[in-house]
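Top to bottom, those sequences are chains A and B. Sequential numbering of the first sequence, starting at 1334, is according to my numbering. Sequential numbering of the second sequence, starting at 1083, is according to my numbering. Here's the structure, in structure tokens; my notes come after.
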Amino acid sequence: MGKRYAMVIDLRKCVGCHACQVACKSENNVPLGVNRSWVEELETGKFPNVSRHRLPRLCNHCENPSCLNVCPVKATYQLEDGTVLVDYDRCIGCKYCIAACPYDARFINPERNTAEKCTYCHERVEAGMQPACVNTCITGARVFGDRNDPNSEVFKLLATQSVAVSKPETNNRPQTYYIGADEKALRPNLLEIVGGEK
Amino acid sequence: MPTVHFFDTPHEIYWGLLIALYFYYTGMSAGSFILTSLGTVFGIEKYKKVSKVGVLMAIVLLAFAPLHLLFDLAQPGRFYNLFLHVSLTSAMSWGVYLLILYPVDLMIYAWYLFRQDFVQGLNKGGFKAGLYSFLLFGKKDMSAAALANDKKKAKLFGTLGVPLALLVHGYTGFILGNVQARAIWHTPLMPIIFLMSAMVSGTGLFIIVMMLVEKFKFGRIGEDIRALIADIANLMKWFIVVDGALMIIYFIVLWYSSETGYAAGYFLLHQEGWSFLGLENGLGMLAPFLILLSKKARQSLPLVTLASILTIIGVLAMRINLVIGGQKIPLTGSKIIEYAVSGRDLSIGLGIGILALVVLTWLYSVLPMNRPGAQEKESIPVSKGVAQ
Ligand code: SF4
Ligand code: SF4
């Protein structure tokens, strides 16, 4: 089997320091107001019975990416290794991909005026380095690598740990695997948000 | 279980008013064309009176519709990429070719409808004669065979226009319907709902335009046109019935679908209630339906006008509720995403609307709108357009 990049995020180790978010911004010159990767932090329950959850998010480099399917000019494309990228010279900025991604992973870069999202730090990975967020993670919660390589950390974690992905019901087959994720953190609590649950 | 977010990243709504207006314009173009093709294509004699008014309206609406898209692009200068790269998995890419084929077909169809009148108008002299002679491209033959050919070709291109009209608006339904991430859009009914509501608003706008054209071109709204309006109003009533039934089916299934679907339904009934229930379905659908129920009302021009205006507003609200409302429900995070139309979008929307109106008025005033039962009077000067 060929190379297939994926990310495993061990939420038991994540302390919510947001270092990954900051590293991503500085590595990729991400303008203010938009993010390629971010950390959601939430509390569920009622005092004294509460729990705190963190959920680093990024583009899931899905196996069947909605963003790629809807792009009318094929500016969004996928490499053999699974990385989903945007051709910034071709993108017309129609924003269809932003509307279609189930994970809010995309935005229009206000300086470049094209769609943009996490690239798994493609240039770094090509040069044999880790993505900036993985490199900077203070607890080693973020693990990046080849899902198909039996010697990779990602392979081992996927084989030995129970993992969950966000919104598995979409046909996207997202490739960010969370260890120790709470179902309530993996998706928005819509009923509460629309006021249907007090 | 209550959830409190401490950190979240802000998201914004990227498809706003301009996209909703784009769907709205293509819809009214398709709706008005299909309605007025009943004469030429389906041979229903009385509708031949209005095929010209309808086709011009359909062409102008469709010509201006894509401008909304263009101005919505973050890279408008690269729009030509849409032609260079085809993506079969993207509904937006399907539309590119439809947006060319449909108006071209309509223009050819219109040319055959107008040719005879162009030839007759050549003796008018002045600007109009020059324009007609240019538009004729030298085809001035008025023999019986040529006239029969006009009729045949009009029918051919008109017939082609009907599936194209269905596709050009149906595809916009797929743009939303194919997005599985958003329960509010993701339904096989979406293309059909779009088509049916387009029939409603297309008919509504058409009735108003037709009355204006009659009034200013022929000086009055004759008995024959009044009868036709009552007829069209009756059709509109049935379009509303079908559209309403589809909306109800859509909503019930949404309500009983996934958690996201239910939440979306709840959102439509509550936060978006005034717009979804009030504007879109109450004022825009139920009210005109109730008005049009009565035969007396269908024969009264003011009441039919009122019903038409209500449907036009209602369907606009529907496009906005679907396109923008669909993005207000967050995909991640913890908050409803708010939308406020930007001054830029609003002025572009208004600008395009006004421009379309001016062009349409100009076309109606310079083109020969002769129809079975009414000939343009020579005495009406060029400047007496619909605008005055
Ligand atoms: S997470 Fe969104 S942007 Fe990333 S590949 Fe999947 S669909 Fe595309
Ligand atoms: S915004 Fe760019 S990448 Fe996204 S669908 Fe449109 S053209 Fe493709």
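Backbone N, C-alpha and C fix where the C-beta goes; we use that ideal spot for every residue, glycine too.
Q.
Considering just the uninterrupted stretch of the beta strand (DSSP E) at A1339 (chain A), what are its terminal residues?
A. A1339 (chain A) -> beta strand (DSSP E) spans 1338–1343.
Q: Excluding the 5 residues preceding and the 5 following E1516 (chain A) in the sequence, name in chain order all residues of the same chain whose CB lies nearer than 8 Å to its CB.
A: Same-chain partners within the cutoff: A1497.
**Q.** Distance between beta carbons of K1450 (chain A) and A1438 (chain A), contact taken as under 8 Å
**A.** 5 Å
Q) What's the call for N1205 (chain B), buried or exposed, on a 16-neighbour Cβ count within 10 Å? A) exposed
Q) When Cβ atoms are compared, which residues of the segment 1154–1173 of chain B fall closer than 7 Å to chain A? A) L1155, A1156, Q1157, R1160, F1161, N1163, L1164, H1167, S1169, T1171, S1172
Q: Helix, strand or coil for S1429 (chain B), going by three-state DSSP, please let me know.
A: helix
(Q) Rounded to whole angstroms, what is the Cα-Cα separation between V1244 (chain B) and I1116 (chain B)? (A) 6 Å
(Q) For a test of the three-state rule: what should DSSP assign to Y1338 (chain B), helix, strand or coil? (A) Residue state, collapsed to three classes: coil.
Q: Starting from the beta carbon of F1088 (chain B), find every residue of chain A whose beta carbon is closer than 8 Å, and list them in chain order.
A: E1374, L1375, E1376
Q: Identify every residue that forms a DSSP beta bridge with K1379 (chain A).
A: K1379 (chain A) has A:N1382 as its beta-bridge partners, per DSSP.
Q. Span of the alpha helix (DSSP H) holding T1387 (chain B)?
A. 1383–1405
Q: Taking L1372 (chain B) as part of the alpha helix (DSSP H), name the residues at either end of that continuous run.
A: Residues 1369–1375.
Q | Under 8 Å by beta carbon: chain B residues contacting L1524 (chain A) | A | E1341, Y1344, A1345, Y1348
Q) Which residues in the same chain have their Cβ closer than 6 Å to the Cβ of F1105 (chain B), if we skip the five residues on either side of it in sequence? A) T1254, R1401
Q.
Taking only three categories from DSSP, how would you classify H1167 (chain B)?
A. coil
Q.
Is R1264 (chain B) close to ligand 1? I mean its beta-carbon at under 7 Å from any heavy atom of the ligand.
A. no
**Q.** For G1408 (chain B) and H1268 (chain B), the rounded distance between their alpha carbons
**A.** 10 Å
Q | Contact list for S1399 (chain A) against chain B, beta-carbon separation under 8 Å | A | Around S1399 (chain A), the beta-carbon contacts reaching into chain B at under 8 Å are V1261, Q1262, A1263.
Q) Is Y1096 (chain B) close to chain A, meaning its C-beta is less than 8 Å from at least one C-beta of that chain? A) Y1096 (chain B) counts as touching chain A.
Q: Determine whether the Cβ of N1402 (chain A) lies closer than 8 Å to any Cβ atom of chain B.
A: Yes - at least one Cβ of chain B is within 8 Å of the one on N1402 (chain A).
Q. Would you call the segment 1182–1198 of chain B and the segment 1414–1433 of chain A in contact, with 3 or more CB pairs under 8 Å?
A. no
Q) Can we count A1505 (chain A) as close to ligand 1, meaning its CB is less than 7 Å from some heavy atom? A) According to the sequence displayed, residue 1505 (chain A) carries Asn and not Ala. Yes, the beta carbon of N1505 (chain A) sits closer than 7 Å to at least one heavy atom of ligand 1.
Q | L1183 (chain B) to S1111 (chain B) span [Cα, whole Å] | A | 14 Å
Q. So is I1342 (chain A) in contact with chain B if we call contact Cβ pairs under 8 Å?
A. no
Q: Could you spell out the range, first to last residue, of the beta strand (DSSP E) harbouring R1475 (chain A)?
A: 1475–1479
Q: Identify the continuous alpha helix (DSSP H) that holds Q1198 (chain B) and give its terminal residues.
A: 1173–1202
Q: Note down, one range per segment and in chain order, each alpha helix (DSSP H) of at least 4 residues found wholly within the segment 1449–1528 of chain A.
A: For the alpha helix (DSSP H) assignment, the uninterrupted runs of no fewer than 4 residues enclosed by the segment 1449–1528 of chain A are, from N- to C-terminal side, 1455–1459, 1465–1469, 1486–1493, 1516–1519, 1523–1526.
Q.
I'd like to know if P1084 (chain B) contacts chain A, where contact means its C-beta is closer than 8 Å to some C-beta of that chain.
A. yes
Q) For Q1470 (chain B), is the classification buried or exposed, using 16 other Cβ atoms within 10 angstroms of its Cβ as the cut-off for buried? A) For Q1470 (chain B), the predicted structure reports a pLDDT of 38, less than 50, and the residue's modelled location is therefore unreliable. The matter cannot be settled from this model.
Q | Meets three-Cβ-pair contact criterion under 8 Å: the segment 1356–1373 of chain A and the segment 1382–1395 of chain A | A | Output reads yes: the segment 1382–1395 of chain A touches the segment 1356–1373 of chain A.
Q. Looking at the structure shown, is L1238 (chain B) part of a helix, part of a strand, or coil, going by DSSP?
A. helix
Q: Starting from the Cα of L1392 (chain B), find the closest Cα among B:Y1214, B:I1290, B:I1311, B:K1410 and give me that residue.
A: Taking only the C-alpha atoms, the option nearest L1392 (chain B) is B:I1290.
Q. Any residues in the segment 1404–1437 of chain B with a beta carbon nearer than 8 Å to a beta carbon of chain A? Which ones, in chain order?
A. Of all residues in the segment 1404–1437 of chain B, only Q1409, I1411, P1412, L1413, T1414, G1415, S1416, K1417, I1418 place a beta-carbon less than 8 Å from a beta-carbon of chain A.
Q: Could you work out which residue in B:E1354, B:L1445, B:K1234 is closest to L1143 (chain B) when comparing CA atoms only?
A: Looking from the CA of L1143 (chain B), the closest CA among B:E1354, B:L1445, B:K1234 belongs to B:L1445.
Q: Check the Cβ of Q1353 (chain B) against every Cβ in chain A and list those closer than 8 Å, keeping chain order.
A: V1527, G1528
Q: Identify every residue that forms a DSSP beta bridge with E1374 (chain A).
A: A:R1387, B:F1089
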